[in-house]
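Working notes, beginning with the structure itself.
Residue numbers (my numbering), protein chains in the order written: chain A, 1 to 285; chain B, 1001 to 1285; chain C, 2001 to 2285; chain D, 3001 to 3285.
This is the structure in structure tokens:
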């Protein structure tokens, strides 16, 4: 059976000796590094690292690694977190009526391409319940209107906590989350927007793209912040269109883009490849 | 020797019989159609067509084709123009200090990939004079400042008229043209902007892209209008970037994009493949 | 309700007057052309056309259009066929064990992105039966071995005829069809191959790609002929890979490519956009 | 003024402690690592690394770094080499008649996008001499025929040695080099081939692509080996084509692809980002 690995994500002010110290820490405890990637920002001189090593043979029990690492982390003033590849992350999918991103994520999870559990699906509509239930998923219906929004979000949060959810994926969920909700799951809510942001933020990107006469359309997956469509971008991609494409054509072509772009972002997050730095991301592909 | 073709670009309100009438007109005069493409806008129901036929065997002399076509054009209320492939269009290049788009266009023209003459190169700097002159080009230096702008543009326009210029290409020309200038050459001035418009209009698109943390950068060629970076888009393309790319890296990667996107737009225009419709283009590739 | 259109696909030796004659035929019977595209091969001078017009107002009843068109077709020595957009094509899906192309096509058909019925799913394995049945599809299991191949194909063909199947899609079906089978459905069987053909034909393209150290991998959808992986190509696309990608990584990345490339080819075929010409295709996108 | 960096490229059988040992070596001598990337092959378990650090502050003089590194290299059985970023590599361009790759490389070198000197241009034709001389390049004409090939190659090699050439770039050079020549400059000769290898090796790739009816064409830059078009691939890219593209159209479209793909490979090589491993490359982008 495949052994688990440990993954350390860290950032700190750049200085001499970080790579040496971290790799020594792993080596002295008999760890075998299987991946390492680093990045230093050019102007602000912040150092970022993702390092993965085999737990097999590593002489610190996994529950004590964090404690053992703390002195080193303190010396370099690191922000860091530690993950284990045999933990199965728990993902909540938020959906409305569009089926394609939802379906796509379920399929990838079923095939094992995305490593996670889906303990709950939350929706403000009933439409996708039968499909969810065919796949054995727990579908929870929370209709939202201006009056009940706070209340319903409180219920949703209770549901998320009950299921110990690690990541929320908005798979074309058509409600804006409140700032309080977002704060609870900061950098743990991924949205898909159907344009190459910052162009065409808001609810009608394909209509805007049609009116402007652009020759490419795009999709953007990003972490959700209080500002609509303005969070740190994880993945973007585009396809070419022409004058022949109506808004309907764009919507259809965009579906393939949206689902691939969202799935990539979810996969990167679940594999601990993303570090958020201010309004931007470092993605160790 | 290869015979010339005639190319007719037309638009009119859609109705039954346009294709039949136009193709009959050509056939009855013994013309052989070599390309035909059409498009009808979905909502406004405007019909657009590009049709190309061989002059060899066509029984109307080329100078009388327009007159002969007029009754038909009148019946359908067409806007139209007629071109001949053995005419060599006359292109003025406007440049500032960046060499790559300029160099690229010269090279393509020299190799015969772009069919045109370049009777004049106009610049607000002296930097590219030696290169222009190596290629035997007529380089005219018009330094611009807020005081002399109107005057210098008048000189430039005189120069353009003297050379019977058909198309102006702003190959990274860093001056904004006045509305009067633009009006004289409406839909005959092509600019290259170094972003995927409408994102990042203005003078610092790579800096903006860096700050926003996008994962793709783009380039846009468009006809120039009074509104900066807002004219009808002809060609767009993008490349992927990552957190590792500094503003300098983007600029370097963008160069390849910019020159290809500009060259494509110029080629489409010179081959009479573009019809401007309001703020958008129909491009019959 | 949206009215039906007629679509005519035709090819013939190029000569003067084809476009005029065909568009006149439609116009004189009061048809409104909504799309028209043509192509003439450069060396062999064969003319190809796809023309679509509204049946609403057209003064020939649809069952007599073919007869009415025959004299014109005869005059130009045309090969042609006629389709109506309100007919729902009948597609048989052939699958083995891989689920992603199958799932993807079902989803697109359910969402209405691909216009067809799926009267039967045929497989040499039982694995995908539950999924098919969840979507209400008729799943027929025909295990194949060298001894029973002829017999089983005869049964499959009977099944296909019973369901009046217009198009067969091999959605990662891992059996080679016999020449007799292929002949019965010439240019009506679409396969997806997981490489950019002609590179890496055969059963192990990702392994071959890995060994050769290529930096891009691809997928190809094509009509099936007697020669394995050698039929007329309909759609191809690629993605970039690097030295970091194992064969498993390529397989995962390839899935997204394969399903999009296959779906595009199926859609083009069902919209009567493809004409096969020898070993190549004309695709009127 | 920007200080120089050292770049170490190394490979060895994978084992615990390599990253720690190498980064310690640099840290203990007070070096600041600015980039580090590594890769381990999945099956053969070979470890590859590229590590770059600032010489400023590093306490070993540059001419003694190699000697100081040797014990560590020996312990892990490393193959390695060491470069300094303030050395300007010396590149010989080999050309025939096609101008576009040649022109493109000169332009990039002139603009500073590619960091190298070009002490000599070698050609079997006189055509590009004027262009080379306009840019102040030393153009050497060595016409080749079956009789004089060995002799002329000997002269070319003498020329290359005289100019202490580090890298040879075949910018559409239409002669096959002998095995002896290739052996002298193993993994230091880069060629551009106008197809996505392994498809369409040989002299007529666009003609082959046309005949096969592919929907994408490509370009491949690779190190030259004795086997034609079969060396380790450095960069590949493709563009989409359609049935409308003649062989001439492909050649024109391919030019943009070829020059970008070749320039990228040259840049990667000159920045010491490429390690050849058997018939494949590791490219630390």
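The beta carbon of each residue, even a glycine, is placed where N, CA and C say it ideally should be.
Here the stretch 1079 to 1087 of chain B does not lie against the stretch 1229 to 1245 of chain B, with fewer than 3 beta-carbon pairs under 8 Å apart. DSSP places residue 188/A outside both helix and strand once states are collapsed to three, so it counts as coil. Shown here, residue 3143/D sits in coil according to DSSP, grouped into three states, outside any helix or strand. Counting along the chain, no beta strand (DSSP E) covers residue 2026/C; the unbroken alpha helix (DSSP H) around it starts and ends at 2018 to 2028. Taking 8 Å as the threshold, the shortest C-beta distance from residue 1011/B to chain A does not fall below it. In summary, residue 3005/D is buried, with 16 or more beta-carbon neighbours lying within 10 Å of its beta-carbon over all protein chains present.
DSSP places residue 1090/B outside any alpha helix (DSSP H); the residue lies instead in the beta strand (DSSP E), whose first and last residues are 1090 to 1095. Going by C-alpha positions, residue 1218/B is about 34 Å away from residue 2232/C. Nearest CB-CB separation between residue 113/A and chain C: below the 8 Å threshold.
Pairing residue 3214/D with residue 2275/C, the inter-Cα distance amounts to about 15 Å. DSSP places residue 62/A within a helical segment (H, G or I) once states are collapsed to three.
In the structure shown, residue 1049/B falls within a strand segment according to DSSP collapsed to helix, strand and coil.
By the Cβ rule, the stretch 89 to 104 of chain A counts as touching the stretch 162 to 173 of chain A, because three or more pairs are nearer than 8 Å. In terms of CA proximity to residue 202/A, 220/A leads the group 36/A, 220/A, 216/A.
The way I'd put it, the stretch 179 to 198 of chain A does touch the stretch 250 to 266 of chain A; three or more beta-carbon pairs between them come closer than 8 Å. For residue 169/A and residue 188/A, the gap between their C-alpha atoms comes out near 8 Å. A contact is defined here as three or more CB-CB pairs under 8 Å, and the stretch 3046 to 3057 of chain D fails this definition with respect to the stretch 46 to 54 of chain A.
For a cut-off of 8 Å, the C-beta gap from residue 3078/D to residue 3012/D is around 4 Å, short enough to register as a contact. In terms of beta-carbon proximity, residue 1100/B lines the interface with chain D, with at least one pair separated by less than 8 Å. Secondary-structure assignment with DSSP links residue 3084/D through a beta bridge to 3006/D. Taking 8 Å as the cut-off between beta carbons, none of the residues of the stretch 3171 to 3189 of chain D comes near chain C. Rounded to the nearest whole angstrom, the C-alpha separation of residue 3058/D and residue 3129/D is 45 Å. In the structure shown, residue 1183/B falls within a helical segment according to DSSP collapsed to helix, strand and coil.
Leaving aside the five residues that flank residue 1030/B on each side, the residues in its chain whose CB is nearer than 8 Å to its CB run, in chain order, 1057, 1058, 1059.
In the DSSP assignment, residue 2280/C falls outside any alpha helix (DSSP H) and within the unbroken beta strand (DSSP E) covering 2280 to 2283. Residue environment analysis places residue 2024/C among the buried positions, since at least 16 neighbouring C-beta atoms fall within 10 angstroms of its C-beta. Contact of residue 1260/B with chain D is assigned, a C-beta pair being separated by under 8 Å. When 149/A, 144/A, 146/A, 163/A are compared, the shortest CA-CA separation from residue 121/A is found for 163/A. Nearest to residue 2036/C by C-alpha distance, out of 1032/B, 1020/B, 1028/B, 1027/B, is 1020/B. Per DSSP, reduced to three states, the secondary structure at residue 2223/C is strand.
Against chain B, a Cβ distance below 7 Å from residue 3039/D picks out nothing, because the smallest value is about 16 Å.
Where residue 2199/C is concerned, there is no enclosing beta strand (DSSP E), because DSSP gives it neither an H nor an E.
Beta-carbon to beta-carbon, residue 3080/D and residue 3167/D are separated by about 19 Å, too far to satisfy the 8 Å threshold.
DSSP places residue 3119/D within a strand segment (E or B) once states are collapsed to three. Out of 3278/D, 3180/D, 3126/D, the CA that lies nearest to the CA of residue 3138/D is found in 3126/D.
DSSP, read as helix, strand or coil, puts residue 2167/C in strand.
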